[in-house]
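Student: My questions will all concern the structure given below.
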């Protein structure tokens, strides 16, 4: 058995043989069996690992506006070492899509574990997310189909699934109710829903009867769960918090974040601990941006102005066009990405839970150990970051 690090569910029932991968979803199977690995590169020319690490260290030392991005696909130990490296070189850390985790960790909203969703949830809302394409086994293992302790009849009788999204998604196709909202009128929909939850007729151009019906379903929930997306499809963070507050005035709702990457909960926890240290005088700043988009989010260094960006298990170019990057690019990643094709330095690493052991934190906060499944000879992300830490 192995733990799949293809997404934040960290499924622990995966069986890997010589030529097959059982129980994994399509994302997990592609992740585990990937052969799209990269070689050490400097200025797009192949080099050995020592040269790549030395070149990366030289760039880090000479940079004045240094930004570390990603962290969502590193084992816990590598995240801690990356934070230590950022402190040493005076880098800013940008973690994308962690704002909801911050609210959960700060106690601003109620949350729960995935087994609790399976055992108790009767109303499940997929808000600005499409787990059938991002976390494919969420519905079959926890959120919709399985029988639970108090939900013995599963989706046929005991669960109501609802989607609120910008489009009619694959997840919407199996839900009892699907609400498609205009991307420019998300706040209007959320305000209308909160009016309906307060027994007011909503003032909106949306279908008032459908919104009132939705409010009635939510208010009757015994144990409701909202799975919230983190990208452009999701409503603004403050609107989600206001909705949770209003829901919990009349029912019992919990919030879980469906974020990309398998370790964003962990990096949110570690940065929260870092910033709460009584003697914390470091220059490391965590700047979160929900969209993973063009700049630094809330007051940090603009990525366009950074003279060096270290991408840690993160495909930055998938969100930001290449012409938007003017500084040096360093990539540490197990596989080839769009970003690695443009990077000044590429350092391949072993993948957590496959050819590197370590620990992880599931999306609901449950700690998980990642055993080594196969030897590859590649350095782990922890080992690479420790070597950089030694030479900068």
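In the numbering used here, the protein residues as written are 1 to 392.
Each residue gets a CB set at the ideal place from its N, CA and C atoms; glycine is no exception.
Predicted model only: the values in this text are computed from it and were never measured.
Please work out which residues of its chain come closer than 7 Å, Cβ to Cβ, to residue 377, disregarding the five sequence neighbours upstream and downstream, and give them in chain order.
Tutor: none
Student: Going by the CB atoms, is the gap between residue 348 and residue 39 shorter than 8 Å?
Tutor: yes
Student: So the beta strand (DSSP E) residue 348 belongs to, where does it begin and stop?
Tutor: 345-348
Student: What is the DSSP secondary structure of residue 354, reduced to helix, strand or coil?
Tutor: coil
Student: Are the CB atoms of residue 245 and residue 224 within a distance shorter than 8 Å?
Tutor: no
Student: Threshold first: 4 residues or longer. Then list the alpha helix (DSSP H) segments lying entirely within the segment 149-183, N to C.
Tutor: Note on the segment 149-183: whole alpha helix (DSSP H) runs with a minimum of 4 residues are 154-157, in chain order.
Student: Use the C-beta contact count for residue 26: other C-beta atoms within 10 angstroms, 16 or more gives buried, fewer gives exposed.
Tutor: When all chains shown are included, residue 26 counts as exposed.
Student: Does the Cβ of residue 333 have 16 or more other Cβ atoms within 10 Å, making it buried, or fewer, making it exposed?
Tutor: Residue 333 counts as buried, since at least 16 other C-beta atoms from the protein chains shown sit within 10 angstroms of its C-beta.
Student: Determine the extent of the alpha helix (DSSP H) in which residue 26 is found, giving its start and end residues.
Tutor: 26-32
Student: Measure the CB-CB distance between residue 181 and residue 166 and report whether it falls below 8 Å.
Tutor: yes
Student: Which residues bound the alpha helix (DSSP H) around residue 216?
Tutor: Residue 216: member of the alpha helix (DSSP H) spanning 208-219, first to last residue.
Student: The beta strand (DSSP E) spanning residue 425 covers which residue range?
Tutor: A query on residue 425 cannot be resolved here, the shown segment of the chain reaching from 1 to 392 and no further.
Student: For a minimum of 3 consecutive residues, which ranges assigned as the beta strand (DSSP E) are wholly contained in the segment 46-99?
Tutor: 66-70 and 92-94
Student: For residue 362, which of 146, 260 and 383 has the nearest alpha-carbon?
Tutor: 260
Student: Identify the continuous alpha helix (DSSP H) that holds residue 228 and give its terminal residues.
Tutor: Where residue 228 is concerned, there is no enclosing alpha helix (DSSP H), although the beta strand (DSSP E) it sits in stretches over 224-228.
Student: Among 344, 321, 320 and 242, which has the Cα closest to the Cα of residue 331?
Tutor: 344
Student: So, with DSSP's three-state summary, where would you put residue 198?
Tutor: coil
Student: Can you tell me the Cα-Cα spacing of residue 163 and residue 125, whole angstroms?
Tutor: Straight-line spacing of the CA atoms in residue 163 and residue 125 works out to 6 Å.
Student: I'd like the list of long-range same chain contacts for residue 60, defined as Cβ closer than 6 Å, with 5 residues on each side in sequence excluded.
Tutor: Taken in chain order, the residues that qualify are 89 and 392.
Student: For my contact list, residue 428 and residue 16 are in at a C-beta cut-off of 8 Å; report their separation, rounded to the angstrom.
Tutor: Look at the range of the chain in this structure, 1 to 392, and you will see that residue 428 is not part of it.
Student: Is residue 314 helix, strand or coil by DSSP?
Tutor: Three-state DSSP puts residue 314 in coil, outside helix and strand.
Student: On the DSSP bridge assignment, give the partners of residue 401 in chain order.
Tutor: Nothing can be reported for residue 401, as the shown portion of the chain is limited to 1 through 392.
Student: For residue 382 and residue 81, which I take to be in contact (beta-carbon distance under 8 Å), what is that distance rounded to the nearest angstrom?
Tutor: 6 Å
Student: Within the same chain, show all residues whose beta-carbon is closer than 7 Å to that of residue 172, passing over the 5 residues directly before and after it, in chain order.
Tutor: Cβ within range, chain order: 163, 165 and 178.
Student: Taking DSSP as the reference, what is the three-state secondary structure of residue 38?
Tutor: In the structure shown, the three-state DSSP call for residue 38 is coil.
Student: Judging by CA-CA distance, which residue of 105, 239, 14 and 64 is the nearest neighbour of residue 189?
Tutor: Nearest to residue 189 by alpha-carbon distance, out of 105, 239, 14 and 64, is 239.
Student: Quick one: what does DSSP say residue 333 is sitting in, helix, strand or coil?
Tutor: Strand.
Student: Taking all protein chains shown into account, decide if residue 202 is buried (16 or more other Cβ within 10 angstroms of its Cβ) or exposed.
Tutor: buried
Student: Alpha carbons only, please: which of 318, 308 and 356 is nearest the one belonging to residue 56?
Tutor: 308
Student: Apart from the five residues on each side of it in sequence, which residues of its chain come closer than 7 Å, Cβ to Cβ, to residue 136?
Tutor: 25, 26 and 27
Student: Within 10 Å of its beta-carbon, does residue 270 have 16 or more other beta-carbons around it, so buried, or fewer, so exposed?
Tutor: buried
Student: Spell out the partners DSSP gives residue 253 in its beta bridges.
Tutor: Paired residue(s): 224.
Student: For residue 63, which of 328, 342, 372 and 365 has the nearest alpha-carbon?
Tutor: 328
Student: Do you know how far the Cα of residue 183 is from the Cα of residue 32?
Tutor: 35 Å
Student: Smallest Cα separation from residue 250: which of 151, 243 and 219?
Tutor: Ranking the options by Cα distance to residue 250, first place goes to 219.
Student: Quick check: what's the CA-CA separation for residue 379 versus residue 86?
Tutor: 20 Å
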